[in-house]
Amino acid sequence: MRIALGADHGGFELKGLLHRFLEREGHTIVNVGVDAPDPVDYPDYTRKVADSVLRGQAERGIMVCGSGVGACMAANKIPGIRAGLCHDTYSAHQGVEHDDINVLCLGGRIIGSELACELVRAFLAARFSDAERHIRRRDKVTALEKESREKRP
Ligand code: RB5
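Position 45, counted from 1, in the sequence shown is what this note's numbering calls 26; the numbers after and before it change by one each time, with no gaps.
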């Protein structure tokens, strides 16, 4: 699978590890940076991951910041992106199966390397369910997004 991979300085180290892991697993990486440990702003790299997914350059995205919180918050502001901060394997696959997340956010200062690899593996192996209730709920989330852009001040 083609994966957009990004991080800020808080996720820089884990991003490097995940890059190597993903290549070993046979995936193709679209590396959007950051490529040095100096401080940067997580929304800038979250945007790059999101753009890559939305333009079809990558099928899914992975964004690592210090906690995963900022990245997840920023990603979910971008129409078409459904991001989940998943630090347990159940959420990492169920987030795709039920909620159709297309970006996984991780906290590089929170989780260890082995768990990170398991989370990524679970996320990438999962497929969105075709159950009507999941499609309906996902579509309601999309409707909320549309409504917010059109109606709210
Ligand atoms: C950077 O210090 C840190 O604030 C950022 O990586 C992230 O944790 C935000 O949620």
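Just so you know, even glycine gets a beta-carbon here, dropped at the ideal spot from N, CA and C. Keep in mind that this is a model prediction, so the values were computed, not measured.
Discussion item. Relative to the C-alpha of G76, which candidate in T9, R63 and D19 has its C-alpha closest?
Written reply: R63
Worksheet entry | C98 (DSSP reduced to helix, strand or coil) | helix
Worksheet entry | Alpha-carbon to alpha-carbon, E131 and I(-17) | At residue -17 the sequence reads Arg, which differs from the Ile that was named. Spanning the two alpha carbons is a distance of roughly 33 Å.
Item to complete: Compute the Euclidean distance between the alpha carbons of I79 and E40, then round it to the nearest angstrom.
Response: Note that residue 79 is His in the sequence shown here, rather than Ile. Between H79 and E40, the C-alpha separation is close to 17 Å.
Worksheet entry | Residue range of the alpha helix (DSSP H) that includes V122 | E113 to E131
Discussion item. Using a Cβ-Cβ cutoff of less than 6 Å, which residues in the same chain neighbour H74 once the five nearest sequence positions on both sides are dropped?
Written reply: A103 and A107
Worksheet item: Which same chain residues, not among the five before or five after E4, have their C-beta less than 7 Å away from its C-beta?
Response: I10
Worksheet entry | Helix, strand or coil at A17 [DSSP, three-state] | coil
Discussion item. Does A124 pass the burial test, meaning 16 or more other C-beta atoms within 10 Å, or should it be called exposed?
Written reply: exposed
Discussion item. Please report the straight-line C-alpha distance between S48 and E99, rounded to a whole angstrom.
Written reply: 17 Å
Fill in: For review: beta carbons within less than 6 Å of any heavy atom in the ligand RB5
D(-11), G(-9), Y23, C46, G47, S48, V50 and G51
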